[in-house]
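**Student:** Take a look at the following structure, please.
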Amino acid sequence: MIARQVVVRGRVQGVYFRASTCDEARQRGVVGWVRNLDDGGVEAWLEGSEEAVSALLAWMRRGPTRARVTEVTQTERSPKGYEDFEVSR
Numbered sequence: 001m002i003a004r005q006v007v008v009r010g011r012v013q014g015v016y017f018r019a020s021t022c023d024e025a026r027q028r029g030v031v032g033w034v035r036n037l038d039d040g041g042v043e044a045w046l047e048g049s050e051e052a053v054s055a056l057l058a059w060m061r062r063g064p065t066r067a068r069v070t071e072v073t074q075t076e077r078s079p080k081g082y083e084d085f086e087v088s089r
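Encoded structure:
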């Protein structure tokens, strides 16, 4: 089990990025959360197998159809033991 704190920049609000990330995370068995940031970015906390988290990160670099992702940063974290994936804010 690994955990990553992720910040996504670009046109990522108002394009179903959070809802799509939630769907993609649940399909891959990743738990955690995703939320909008006040500066127009999106932040996510991802926990799961290395393979599942890596696959979700690859998807997040593209995002849903209307998104224009310009930057994805990730920081290694210790898992907190989330049980589901939620959309915040």
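So for the sequence shown, full-length UniProt numbering puts the first residue at 1; every next one is plus one.
Cβ atoms here follow ideal geometry from the backbone N, Cα and C, with glycine treated the same way.
#1: To the nearest angstrom, how far is it from the Cα of A67 to the Cα of Y82?
#2: Just tell me which of V8, R4 and S78 has its CA closest to the CA of D38.
#3: What is the DSSP secondary structure of V15, counted as helix, strand or coil?
#4: Given E76, which residues of its chain have a CB within under 7 Å of its CB, disregarding the five upstream and five downstream residues?
#5: Does DSSP put E47 in a helix, in a strand, or in coil?
#6: By the three-class DSSP mapping on this structure, what secondary structure does R26 have?
#7: Residues in the same chain with beta-carbon distance under 6 Å from R28, minus the five sequence neighbours each way, listed in chain order, please.
#8: Name the DSSP beta bridge partners of R68, please?
#9: Would A44 and G32 be called neighbours here (beta carbons separated by less than 8 Å)?
**Tutor:** Taking the definition as stated:
#1: Between the alpha carbons of A67 and Y82 lies a gap of roughly 27 Å.
#2: It is V8.
#3: DSSP, read as helix, strand or coil, puts V15 in coil.
#4: The answer, listed in chain order, is R4.
#5: Judged by DSSP in its simplified three-state form, E47 adopts strand.
#6: Secondary structure of R26 (DSSP, three-state): helix.
#7: If we look at R28 and ignore the five residues flanking it on each side, its Cβ neighbours are A52, A55 and L56.
#8: DSSP, once it has assigned bridges, lists R11 as partnering R68.
#9: Yes, the Cβ-Cβ distance between A44 and G32 is below 8 Å.
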